[in-house]
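Participant:
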Amino acid sequence: MRPILLQGHERSLTQIKYNKEGDLLFSASKDIGINVWFTHNGERLGTYDGHNGTVWTIDVDSQSKFLVSGSADNCMKLWNVATGKCLYTWEFPTAVKRVAFNEDDDQIVCITEQRMGYQSAVRVFDINREGEGTSQSKEPAYMFNPVGSKATVCAFAFMNDLILTGHESGKIALFDMKTGDEVLNNERAHMDTVTDLQLSPDGTYFITSSKDKTARLHDTKTLAVLKTYPTETPLNSAAIAPKRPYVLLGGGQEAMSVTTTSARQGKFETRFWHKVFEEEVGRVKGHFGPINTIAVHPGGTSYSSGGEDGFVRVHHFDESYWKVKPYGDMEIED
Amino acid sequence: MASNDTDADYDIDDIDYSDIEAKYQVQPEDGFENIIVVDGVPIIDRSKLDKLLTKITKEFGKKGAPIKPDDIFVPWDDSTGKSKGYIFVEFHTADEAAYALSAMDGHPFDAKHTFVTNYFTDVEKFVNIDETYVEPKTEEYKPREHLRAWLADPQGRDQYGIYRGNDVEIHWHGKPSQREQAYKHTEWTDLYISWSPQGTYMTTLHRQGVQLWGGPSWLLQQRFAHPYVKLIDFSPCEQYLVTWSNEPIVVPEGAMQGSRYFSPIDEGNHIAIWDIKSGNMLRTFPAAQAEGEEPGSKKQLQWPAFKWSPDDKFVARVTPGQQISVYELPSMGLQAKKSIKIEGVVDFEWCPLGDKDREDAEKAEKEAKGGAKTTRKVKENMLAYWTPEVANQPARVTLMKFPSRSILRQKNLFNVSECKIYWQNQGDFLCVRVDRHTKTKKTLFCNLEIFRVREKDYPVEVVELKDTVLEFSWEPKGERFAIVSSSDPNLGNPGPGITIKTDVNFFQLHKQKGDFRLLRNLPGRTSNTIRWSPRGRFVLLATVGSSSKSELEFWDLDFNTEDVGRKETVKDEWGSGIQHLGTADHYGVTDAEWDPSGRYLATHASAWRHTLENGYAIWDFKGQELEKHIMDRFKQFLWRPRPKTLLTKEQQKQIRKNLREYSRQFEEEDAAEESNVSAELIAHRKRLVDEWNAWRRRCKDDLAEERKKKGTEVDGEPGPQEETKEEIEMWVDELIEQTEEEVVE
Numbered sequence: 014m015r016p017i018l019l020q021g022h023e024r025s026l027t028q029i030k031y032n033k034e035g036d037l038l039f040s041a042s043k044d045i046g047i048n049v050w051f052t053h054n055g056e057r058l059g060t061y062d063g064h065n066g067t068v069w070t071i072d073v074d075s076q077s078k079f080l081v082s083g084s085a086d087n088c089m090k091l092w093n094v095a096t097g098k099c100l101y102t103w104e105f106p107t108a109v110k111r112v113a114f115n116e117d118d119d120q121i122v123c124i125t126e127q128r129m130g131y132q133s134a135v136r137v138f139d140i141n142r143e144g145e146g147t148s149q150s151k152e153p154a155y156m157f158n159p160v161g162s163k164a165t166v167c168a169f170a171f172m173n174d175l176i177l178t179g180h181e182s183g184k185i186a187l188f189d190m191k192t193g194d195e196v197l198n199n200e201r202a203h204m205d206t207v208t209d210l211q212l213s214p215d216g217t218y219f220i221t222s223s224k225d226k227t228a229r230l231h232d233t234k235t236l237a238v239l240k241t242y243p244t245e246t247p248l249n250s251a252a253i254a255p256k257r258p259y260v261l262l263g264g265g266q267e268a269m270s271v272t273t274t275s276a277r278q279g280k281f282e283t284r285f286w287h288k289v290f291e292e293e294v295g296r297v298k299g300h301f302g303p304i305n306t307i308a309v310h311p312g313g314t315s316y317s318s319g320g321e322d323g324f325v326r327v328h329h330f331d332e333s334y335w336k337v338k339p340y341g342d343m344e345i346e347d
Numbered sequence: 008m009a010s011n012d013t014d015a016d017y018d019i020d021d022i023d024y025s026d027i028e029a030k031y032q033v034q035p036e037d038g039f040e041n042i043i044v045v046d047g048v049p050i051i052d053r054s055k056l057d058k059l060l061t062k063i064t065k066e067f068g069k070k071g072a073p074i075k076p077d078d079i080f081v082p083w084d085d086s087t088g089k090s091k092g093y094i095f096v097e098f099h100t101a102d103e104a105a106y107a108l109s110a111m112d113g114h115p116f117d118a119k120h121t122f123v124t125n126y127f128t129d130v131e132k133f134v135n136i137d138e139t140y141v142e143p144k145t146e147e148y149k150p151r152e153h154l155r156a157w158l159a160d161p162q163g164r165d166q167y168g169i170y171r172g173n174d175v176e177i178h179w180h181g182k183p184s185q186r187e188q189a190y191k192h193t194e195w196t197d198l199y200i201s202w203s204p205q206g207t208y209m210t211t212l213h214r215q216g217v218q219l220w221g222g223p224s225w226l227l228q229q230r231f232a233h234p235y236v237k238l239i240d241f242s243p244c245e246q247y248l249v250t251w252s253n254e255p256i257v258v259p260e261g262a263m264q265g266s267r268y269f270s271p272i273d274e275g276n277h278i279a280i281w282d283i284k285s286g287n288m289l290r291t292f293p294a295a296q297a298e299g300e301e302p303g304s305k306k307q308l309q310w311p312a313f314k315w316s317p318d319d320k321f322v323a324r325v326t327p328g329q330q331i332s333v334y335e336l337p338s339m340g341l342q343a344k345k346s347i348k349i350e351g352v353v354d355f356e357w358c359p360l361g362d363k364d365r366e367d368a369e370k371a372e373k374e375a376k377g378g379a380k381t382t383r384k385v386k387e388n389m390l391a392y393w394t395p396e397v398a399n400q401p402a403r404v405t406l407m408k409f410p411s412r413s414i415l416r417q418k419n420l421f422n423v424s425e426c427k428i429y430w431q432n433q434g435d436f437l438c439v440r441v442d443r444h445t446k447t448k449k450t451l452f453c454n455l456e457i458f459r460v461r462e463k464d465y466p467v468e469v470v471e472l473k474d475t476v477l478e479f480s481w482e483p484k485g486e487r488f489a490i491v492s493s494s495d496p497n498l499g500n501p502g503p504g505i506t507i508k509t510d511v512n513f514f515q516l517h518k519q520k521g522d523f524r525l526l527r528n529l530p531g532r533t534s535n536t537i538r539w540s541p542r543g544r545f546v547l548l549a550t551v552g553s554s555s556k557s558e559l560e561f562w563d564l565d566f567n568t569e570d571v572g573r574k575e576t577v578k579d580e581w582g583s584g585i586q587h588l589g590t591a592d593h594y595g596v597t598d599a600e601w602d603p604s605g606r607y608l609a610t611h612a613s614a615w616r617h618t619l620e621n622g623y624a625i626w627d628f629k630g631q632e633l634e635k636h637i638m639d640r641f642k643q644f645l646w647r648p649r650p651k652t653l654l655t656k657e658q659q660k661q662i663r664k665n666l667r668e669y670s671r672q673f674e675e676e677d678a679a680e681e682s683n684v685s686a687e688l689i690a691h692r693k694r695l696v697d698e699w700n701a702w703r704r705r706c707k708d709d710l711a712e713e714r715k716k717k718g719t720e721v722d723g724e725p726g727p728q729e730e731t732k733e734e735i736e737m738w739v740d741e742l743i744e745q746t747e748e749e750v751v752e
């Protein structure tokens with residue numbers, strides 16, 4: 014199907030997220046706005062205004078009740094999804110680079126940038142879901158500073174009290190949020206900055222993308238590398254398609270050097286790779302800048318990509334995507 | 008602690024100090040290193056002593072080792088009152104003694120006496136030499152690896168070498184299943200890699216010199232110590248190697264000596280010639296210096312500086328404006344003790360040997376070895392050179408026989424600004440591309456002077472063109488050539504984003520008329536490179552080194568003729584055999600090379616030229632992409648050359664005759680393999696899926712356990728639940744209009 018072009022941002026996209034049902038798509042960008050869209054027709058439902066700097070990251074809870082966002086104005090905000098009202102604001106000494114809800118929607122993890130003498134910090138907040146949601150505790154429930162290379166991405170692991178992090182050095186690690194100890198790590202997971210980390214539907218494995226031009230699939234429990242998807246361009250985002258054995262990778266030449274090269278060398282395509290066979294299956298063109306973020310519909314029926322060019326493209330998969338069996342009849346578990 | 012023993016009184020003499028003594032013993036300085044023994048001195052009586060001493064000091068002084076008569080000690084035989092015929096000479100330092108030792112050894116003192124020098128300290132050593140003869144152990148014979156083992160590959164695959172980052176890899180190329188890496192070596196070379204012309208050796212360049220590698224396990228075969236070597240050139244039969252370094256040769260003190268190393272007389276030179284089999288250095292030369300040119304002035308180096316005759320017998324170099332110096336091998340002496348003096352000579356090229364010439368030469372050699380009188384006259388080498396216009400003398404292209412140095416043909420040319428000499432690879436034709444200018448010297452145009460070398464009196468014909476010719480290329484073993492010409496106004500001022508429009512023309516020798524005629528003109532291209540398949544017929548036109556265009560065009564020039572038998576069928580129509588086979592694109596291509604069999608073409612984008620999409624691709628002759636690899640920091644791609652075929656003419660003919668038989672066999676193999684491969688692939692995938700599914704099941708168990716621990720719901724399959732869709736069918740009846748009609752019957 015023809016992709017739906019969402020033109021609501023004036024600057025490059027930083028992160029996009031589907032809600033659990035997949036009917037809504039949230040997008041954050043370097044202009045200070047957050048938008049929410051209907052995925053089936055691309056109509057804009059509303060905006061979340063209040064940040065005063067690049068919105069680096071967003072996440073939505075599983076009930077589509079709360080939205081959390083982190084921004085370069087050193088704030089993390091909790092929003093009411095339905096009304097667009099800001100419910101609570103946490104302030105930090107440095108920018109917020111990544112936020113994520115846990116499975117039960119009662120905790121948020123966030124990463125703050127290392128800058129101006131402040132260390133990069135990982136904080137976990139308890140979320141009070143009672144009432145309006147305006148009364149939240151100001152202080153984090155837990156906080157720790159990962160030593161060594163700073164963390165760039167994070168998520169709650171399915172195991173109790175563990176947080177998954179990806180680092181600037183290419184390391185991925187599991188931290189105990191209560192003690193701040195590094196429980197497990199894989200130093201050589203990537204050779205360069207980890208740019209994205211997305212969990213599988215059940216959280217038992219996850220995919221990471223990196224500037225080292227590869228994306229990798231890891232076991233959450235052991236952090237061992239299961240699969241590697243090498244490309245010829247730095248990757249900014251990687252997502253796992255549910256119900257079909259594919260992963261989606263997006264990236265492109267650094268935004269800095271884009272002006273000196275033509276679009277054909279930029280490789281601004283979304284690449285589909287077979288999750289198990291580690292073979293490239295296809296590419297989808299469209300963006301005329303690097304792809305910064307990719308998200309797949311939780312039901313696997315569509316995917317969206319947000320680019321440096323300021324557009325979000327929503328692609329609904331055709332019938333043939335489900336029917337075709339390029340590798341023969343094989344039962345691959347999700 | 009062995010306390011019991013310490014109680015016992017011991018004698019001090021019992022203790023063995025020998026080990027300690029040996030360790031700390033102070034070696035008495037010999038102090039005799041500065042004394043040498045000179046033997047072979049005339050035996051005299053005392054009266055002549057003074058005369059002898061002055062003579063000896065004089066002789067030493069002449070050789071640069073000055074001594075005083077006081078430094079000489081002459082031992083006397085008391086019984087006869089005569090000297091013993093040898094003397095001792097003392098020097099101030101050991102260095103001086105060492106110099107004198109080498110300078111005076113073998114020095115002819117007079118007609119009867121020749122000096123033999125030795126270190127004084129060595130005399131003792133020589134006295135103590137065991138006189139009994141010990142049979143040297145014969146080293147066990149270890150068969151060396153066959154250097155051409157790759158030719159014996161059962162699938163007949165070709166090899167190629169790639170240099171990428173710090174790694175050099177050698178790959179086999181064949182059917183998809185037969186592509187494999189043959190060898191990989193990290194940090195193999197400091198500069199670049201190169202095959203020898205027949206593919207026997209892989210050459211690597213290092214700070215210390217050149218190394219040659221070969222055999223199936225890529226062992227070191229030979230090394231040549233030429234520090235800071237930058238350029239190399241092999242002789243066509245792989246017997247010799249020329250190396251060049253921009254640093255002049257320096258022989259530091261204590262450097263290795265011997266025939267394989269530079270000696271002091273080589274100091275300051277830039278070029279060295281080596282014998283590959285023995286590793287010996289044959290001769291060194293200073294860098295080429297044109298007449299009246301300041302040493303060290305920046306002028307582009309012409310490489311190869313030395314040009315080899317096709318049979319490896321001669322190597323020649325031109326001194327621009329003066330002469331061509333031809334050296335004989337292996338002695339490296341100047342042939343006939345003099346250079347060929349040619350006023351104003353700019354450049355020259357040797358005529359290559361055709362297959363037939365080579366055969367004749369081999370036969371003649373065989374006959375000569377067998378002692379039979381050579382009836383066949385061996386064809387002499389030939390070379391072509393050109394001289395520019397000087398004063399009122401026209402420019403001239405000359406064909407010369409060598410070593411007889413007789414001039415075969417000369418052609419005068421006018422208004423010449425530049426010439427370039429192209430031999431067809433069988434030596435059948437010679438084309439001299441003459442860039443000419445109009446009287447005002449404002450516009451350039453081009454003439455092709457084609458010499459038909461095999462015909463009597465060497466007829467020359469001229470193809471006049473209005474445009475500038477950028478590229479010229481003979482078809483190997485053929486009677487055709489292709490040129491790229493251009494009349495683009497941007498020609499000559501290259502800039503970023505400028506792609507020069509070019510025309511490509513094919514010419515062919517017309518059999519009946521006996522001249523070269525235009526076969527086909529392809530106007531409005533951007534191609535700037537012609538690459539003929541090494542077996543002729545197929546040709547690639549490529550746009551290389553451009554940032555916006557990178558087209559590859561594949562052409563077949565004998566489309567209508569069956570290759571079987573390769574009979575010269577009568578052409579029905581002039582130029583009708585030319586067929587465009589395909590067009591392809593390799594972004595950022597920097598060069599293209601056919602494999603030795605002429606079936607595949609490799610294009611590559613080297614990081615030495617730019618850093619976009621570096622890597623290489625391999626195509627078949629129709630322009631179908633077979634494989635493509637994009638690799639960071641990819642630098643070099645080189646097919647491994649093959650030596651001349653060992654099959655006789657009859658065997659080749661036989662193969663051609665049975666081509667159909669062979670092709671059926673190959674097709675069967677291909678089919679079998681294809682099914683084999685796909686079966687393998689399916690099995691492989693099946694295994695991957697099974698592994699994955701097993702792992703997923705384990706994961707799910709883990710997850711369930713974790714959840715149980717947490718005390719939350721165990722049942723629910725996490726993730727998005729299939730929302731139970733409730734279908735509500737609604738029937739909406741809307742009453743739009745109601746009319747009543749009365750039906751009257």
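If you're matching them up, the sequences are chains A and B in order.
Residue numbering for the first sequence follows the numbering used here, beginning at 14 and increasing consecutively.
Residue numbering for the second sequence follows the numbering used here, beginning at 8 and increasing consecutively.
Even glycine gets a Cβ: it sits at the ideal position worked out from N, Cα and C.
Measuring alpha carbon to alpha carbon, tell me which of A/Gln20, A/Ile29 and A/Leu19 ends up nearest A/Ala251.
Facilitator: Counting from one through the first sequence, the residue named residue 251 of chain A turns up at place 238. Per the Cα distances, A/Ile29.
Participant: Less than 9 angstroms between the C-beta atoms of A/Val325 and A/Ser75, yes or no?
Facilitator: Within the first sequence, the letter at position 312 stands for residue 325 of chain A. Within the first sequence, the letter at position 62 stands for residue 75 of chain A. No. Outside cutoff.
Participant: Would A/Ile176 pass as a contact of A/Val122 if the rule is Cβ separation under 9 angstroms?
Facilitator: The count along the first sequence starts at 1 and reaches residue 176 of chain A at position 163. The count along the first sequence starts at 1 and reaches residue 122 of chain A at position 109. Yes, the Cβ-Cβ distance between A/Ile176 and A/Val122 is below 9 angstroms.
Participant: In this structure, what does DSSP give as the bridge partners for A/Ser40?
Facilitator: Locating residue 40 of chain A in the first sequence gives position 27, where the first residue counts as 1. In DSSP, A/Ser40 forms a bridge with A/Ile29 and A/Asn48.
Participant: Secondary structure at B/Lys756, three-state DSSP: helix, strand or coil?
Facilitator: Absent from the structure is residue 756 of chain B, since the part of chain B shown begins at 8 and ends at 752.
Participant: List the residues of chain B whose Cβ lies closer than 9 angstroms to the Cβ of A/Glu245, in chain order.
Facilitator: By 1-based counting over the first sequence, the position of residue 245 of chain A is 232. Under the 9 angstroms cutoff, chain B gives Glu620, Gly622, Ile637, Met638 and Asp639.
Participant: Along chain B, in chain order, which residues have C-beta atoms closer than 7 angstroms to that of A/Lys151?
Facilitator: As a working note, residue 151 of chain A is residue 138 in the first sequence. Per Cβ cutoff of 7 angstroms: no residues; A/Lys151 is ~27 angstroms from chain B at best.
Participant: Determine, using beta carbons only, whether A/Gln217 comes closer than 9 angstroms to chain B.
Facilitator: The sequence position of residue 217 of chain A within the first sequence is 204, counting from 1. According to the sequence as given, residue 217 of chain A is Thr; it is not Gln. Chain B contact via Cβ: present.
Participant: DSSP on A/Ser75, reduced to helix/strand/coil?
Facilitator: Taking the first sequence and counting its residues from 1, one reaches residue 75 of chain A at position 62. It is coil, neither helix nor strand.
Participant: From which residue to which residue does the alpha helix (DSSP H) around A/Tyr334 run?
Facilitator: Within the first sequence, residue 334 of chain A is the residue found at index 321, counting from 1. From DSSP, the alpha helix (DSSP H) with A/Tyr334 extends over Glu332 to Lys336.
Participant: Is B/Gly726 helix, strand or coil when you go by DSSP?
Facilitator: The count along the second sequence starts at 1 and reaches residue 726 of chain B at position 719. Note that B/Gly726 scores 45 on pLDDT, short of 50, meaning its location in the model is unreliable; the coordinates nonetheless yield the value given after this. Coil, per DSSP.
Participant: Please go through the same chain and pick out, in chain order, the residues whose beta-carbon is closer than 6 angstroms to the beta-carbon of A/Lys163, but skip the five residues on each side of it.
Facilitator: As a first step, residue 163 of chain A is located in the first sequence; it is residue number 150 there, counting from the start. Contacts found: Gln127, Ser133 and Glu181.
Participant: Give me, in chain order, the residues of the same chain whose beta-carbon lies closer than 8 angstroms to that of A/Glu267; leave out the 5 immediate sequence neighbours on both sides.
Facilitator: Here residue 267 of chain A refers to the residue found at position 254 when the first sequence is read from its first residue. Once the five neighbours on either side are set aside, the close Cβ partners of A/Glu267 are Pro247 and Pro303.
Participant: Measure the beta-carbon distance from B/Trp202 to B/Arg647 and round it to whole angstroms, keeping in mind my assumption that it falls under 8 angstroms.
Facilitator: By one-based count along the second sequence, residue 202 of chain B stands at place 195. By one-based count along the second sequence, residue 647 of chain B stands at place 640. Confirmed, Cβ separation roughly 5 angstroms.
Participant: For a test of the three-state rule: what should DSSP assign to B/His598, helix, strand or coil?
Facilitator: Residue mapping note: residue 598 of chain B aligns to position 591 of the second sequence, counting from 1. Residue 598 of chain B is actually Asp in this sequence, not His. Looking at B/Asp598 - three-state DSSP - the assignment turns out to be strand.
Participant: Any C-beta of chain B within less than 8 angstroms: which residues of the stretch 320-346 of chain A qualify?
Facilitator: Tyr340, Gly341, Met343, Glu344, Ile345 and Glu346
Participant: Along the chain, where does the beta strand (DSSP E) that runs through B/Thr754 open and close?
Facilitator: The displayed coordinates of chain B run from 8 to 752. Any statement about residue 754 of chain B would go beyond what the structure contains.
Participant: Grouping DSSP H, G and I as helix and E and B as strand, with all else coil, what is B/Val353?
Facilitator: On the second sequence, position 346 is the one that residue 353 of chain B refers to. B/Val353: coil per DSSP, three-state reduction.
Participant: Return the residues of the stretch 165-179 of chain A that lie within a Cβ-Cβ distance of less than 9 angstroms from chain B, sorted by chain order.
Facilitator: Phe171, Met172 and Asn173
Participant: If we count Cβ pairs, one from each stretch, closer than 8 angstroms, do we get three or more for the stretch 78-94 of chain B versus the stretch 150-165 of chain B?
Facilitator: no
Participant: Compare the C-beta of B/Gly726 against all C-beta atoms of chain A and say whether one is closer than 9 angstroms.
Facilitator: To locate residue 726 of chain B, count along the second sequence from 1; it is residue 719. Because B/Gly726 sits at a pLDDT of 45, beneath the cut-off of 50, its placement in the model cannot be relied upon, and the point is left open.
Participant: Mind pulling the alpha helix (DSSP H) runs of 4 or more residues that sit fully within the stretch 40-93 of chain B?
Facilitator: 56-69
Participant: Kindly indicate if chain A contains any beta-carbon less than 9 angstroms away from that of B/Glu713.
Facilitator: Reading the second sequence from its first residue, position 706 is the one you call residue 713 of chain B. Chain A, which has a Cβ nearer than 9 angstroms to the Cβ of B/Glu713, makes this yes.
Participant: Which first and last residues belong to the beta strand (DSSP E) in which B/Ile169 is found?
Facilitator: Mapped onto the second sequence, residue 169 of chain B falls at position 162. From DSSP, the beta strand (DSSP E) with B/Ile169 extends over Asp165 to Arg171.
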